């Protein structure tokens with residue numbers, strides 16, 4: 101037994117010596133950022149604008165090493181110029197996502213009728229619905245932004261709701277909680293640019309004026325001379341940020357749907373431009389003998405072909421005894437299948453995880469049934485749900501701030517505002533298929549009248565209309581709702597004590 105124990109101990113020691121792994125030494129990787137959030141937001145805005153000239157200027161001035169070899173930064177060889185075409189896909193994605201969300205937003209539901217009437221006046225004064233369309237577009241392609249609530253009775257008796265996009269704000273956080281927002285407003289006076297910083301925090305608005313990076317008195321220019329700091333209720337912040345996604349690159353800022361997609365957009369433009377360039381270069385070319393080429397009426401010189409159409413190209417005259425001068429036309433073969441495959445692959449990379457192609461009207465296939473169409477809309481539904489969740493979290497705060505700002509203007513106490521932001525359904529089953537499903541469940545005895553009405557109408561009817569519909573259905577089916585009989589207690593004394601017996 102002793103020798104077996106010595107043998108096992110020796111094996112353990114040998115294994116321990118053999119598995120002696122030295123820990124890795126610390127190694128630092130230094131990465132230099134070439135863009136801050138503001139410059140990144142400006143780049144995304146240029147992509148949204150969709151101007152080919154602006155895109156080419158942007159990338160040819162970029163300091164990023166990888167950008168020097170992108171399609172929009174490349175320069176053509178003299179004499180071999182190529183037409184660069186922008187497809188407009190980024191702008192189309194933002195506009196479609198915006199429309200399928202805003203168009204389904206229903207009227208706000210308040211518990212307090214007075215608050216509802218006040219909000220309708222504020223909404224009408226600020227043209228809130230139209231403003232929200234612009235806000236949501238900028239949140240999608242820039243990443244975030246913020247609503248600023250201002251009181252100026254010389255302009256309106258109601259609070260003024262202003263929107264600032266992400267590159268014009270700075271979000272201040274403390275312990276991972278929102279502490280305040282700095283709004284930047286540029287002014288130009290005497291050919292000099294000034295930036296007004298309005299710091300909105302809880303219970304305070306502080307204003308500072310900068311010329312470059314130098315702080316100057318607030319009354320230095322005409323536009324800001326009457327602006328004053330303001331203190332109010334410490335529990336109220338008259339600025340509400342809005343974002344859908346979180347940025348993976350800039351801490352505490354919102355993420356754009358263009359993040360990680362700009363290279364794909366660049367490649368998609370390159371594929372389309374190459375395809376169109378091949379079609380232009382593949383025009384039918386006519387080879388004409390020199391004696392047949394038209395001549396200039398004034399100089400008598402041979403007319404030169406236009407590089408756009410290549411209508412005629414000179415060829416040698418046939419000087420043989422039996423030779424004939426003939427005109428030949430050639431049509432190059434364009435590999436459309438290869439270009440189409442590259443186009444579809446690049447398009448899929450651009451839309452992946454953001455929006456479904458069928459939402460943009462691409463490859464809808466009219467023969468698909470309703471279920472197949474809904475399957476194709478899943479990416480759009482995920483993105484739409486994320487947008488709606490952000491709006492349902494932020495817009496009630498905006499409404500509450502506006503109403504309390506109005507109360508502060510009238511020197512009234514602040515109040516709690518309870519409001520619901522309902523949205524309609526998108527890509528839901530057809531009404532006929534819903535009726536068929538509900539009828540089967542109802543006949544099977546597994547669905548009540550209340551539940552069938554809820555499943556059938558969803559958000560298309562409000563609660564009052566649903567209750568009226570439930571009453572009508574019960575009356576038609578002979579289902580009576582009996583009230584609990586009341587006990588006449590007049591002249592009687594009821595002992596409500598409980599006995600253990």
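Residue numbers (the numbering used here): 101 to 601.
Idealized CB from N, CA, C, for every residue including glycine.
Keep in mind it's a predicted model, so treat the numbers as computed, not measured.
{"query": "Using the C-alpha atoms, what's the distance from residue 328 back to residue 166?", "result": "47 Å"}
{"query": "Could you compute how far the alpha carbon of residue 568 sits from the alpha carbon of residue 330?", "result": "50 Å"}
{"query": "With a threshold of 16 other CB atoms inside 10 Å of the CB of residue 253, please say whether the residue is buried or exposed.", "result": "exposed"}
{"query": "What does the alpha-carbon distance come out to for the pair residue 562 and residue 171?", "result": "52 Å"}
{"query": "Check the C-beta distance from residue 324 over to residue 287 and give it rounded, since I have them as a contact under 8 Å.", "result": "7 Å"}
{"query": "Is residue 338 near residue 494, with beta carbons less than 8 Å apart?", "result": "no"}
{"query": "Just the C-alpha distance for residue 436 and residue 373, rounded to the nearest angstrom, thanks.", "result": "13 Å"}
{"query": "Taking the DSSP output, what are the residues bridged to residue 303?", "result": "According to DSSP, which records beta bridges pairwise, residue 303 is partnered with nothing at all."}
{"query": "Mind checking whether residue 332 and residue 547 have CB atoms under 8 Å apart?", "result": "no"}
{"query": "Residues bridged to residue 293 by DSSP?", "result": "288"}
{"query": "Which value, in whole angstroms, describes the spacing of the CA atoms of residue 178 and residue 155?", "result": "20 Å"}
{"query": "Counting only runs that start and end within the segment 225-283, where is the alpha helix (DSSP H) found for 4 or more residues in a row?", "result": "228-242"}
{"query": "Between the segment 265-277 and the segment 137-146, do three or more beta carbon pairs fall short of 8 Å?", "result": "yes"}
{"query": "Which same chain residues end up closer than 6 Å to residue 319 when comparing Cβ atoms and leaving out the 5 residues on each side of it in sequence?", "result": "325"}
{"query": "Measuring only the C-alpha atoms, how far is residue 207 from residue 522?", "result": "7 Å"}
{"query": "Under 8 Å, do residue 246 and residue 305 count as touching if we go by C-beta distance?", "result": "no"}
{"query": "Just the Cα atoms here: how many angstroms apart are residue 89 and residue 434?", "result": "A question about residue 89 goes unanswered here, because the residues of the chain that appear run from 101 up to 601."}
{"query": "Which residues share a DSSP beta bridge with residue 385?", "result": "430"}
{"query": "Find the nearest neighbour of residue 310 within the set 289, 187 and 223, judged by alpha-carbon distance.", "result": "289"}
{"query": "DSSP three-state label for residue 142, please.", "result": "helix"}
{"query": "Taking C-beta to C-beta, are residue 501 and residue 222 nearer than 8 Å?", "result": "no"}
{"query": "When the Cβ atoms of the segment 271-284 are set against those of the segment 375-387, are three or more pairs found closer than 8 Å?", "result": "no"}
{"query": "Closer than 7 Å by C-beta to residue 459: which residues in its own chain qualify, once you throw out the five before and the five after it? Chain order, please.", "result": "196, 477 and 480"}
{"query": "Nearest by alpha-carbon distance to residue 525: which of 161, 377 and 555 is it?", "result": "555"}
{"query": "Grab the span of the alpha helix (DSSP H) containing residue 343 for me, first residue to last.", "result": "First-last for residue 343: 339-343, but that is the beta strand (DSSP E), not the alpha helix (DSSP H)."}
{"query": "Under the DSSP definition of a beta bridge, which residues are partnered with residue 182?", "result": "Answer by DSSP bridge pairing: none, since residue 182 is not bridged."}
{"query": "Taking the beta strand (DSSP E) that residue 561 falls in, what are its first and last residues?", "result": "Element bounds for residue 561: n/a, residue is neither H nor E."}
{"query": "Would you say residue 517 and residue 292 are within 8 Å of each other, going by their C-beta atoms?", "result": "no"}
{"query": "Residue 335: which of 540, 144, 302 and 365 sits nearest, CA to CA?", "result": "302"}
{"query": "On the DSSP bridge assignment, give the partners of residue 309 in chain order.", "result": "296 and 316"}
{"query": "With distances taken Cα to Cα, identify the nearest neighbour of residue 258 among 234, 220 and 240.", "result": "220"}
{"query": "Can you tell me the Cα-Cα spacing of residue 160 and residue 256, whole angstroms?", "result": "46 Å"}
{"query": "So, at 7 Å on beta carbons, what are the nonlocal neighbours of residue 549 in its own chain, with the 5 sequence-adjacent residues on each side left out?", "result": "570, 573 and 574"}
{"query": "Can you name the start and end residues of the alpha helix (DSSP H) that residue 193 belongs to?", "result": "189-202"}
{"query": "Select from 237, 209 and 401 the residue whose C-alpha is nearest the C-alpha of residue 145.", "result": "237"}
{"query": "Given the structure, does residue 433 come close to the ligand SAM, in the sense that its CB is under 7 Å from one of the ligand's heavy atoms?", "result": "In terms of ligand content, the structure shown is empty, and the ligand SAM therefore cannot be addressed."}
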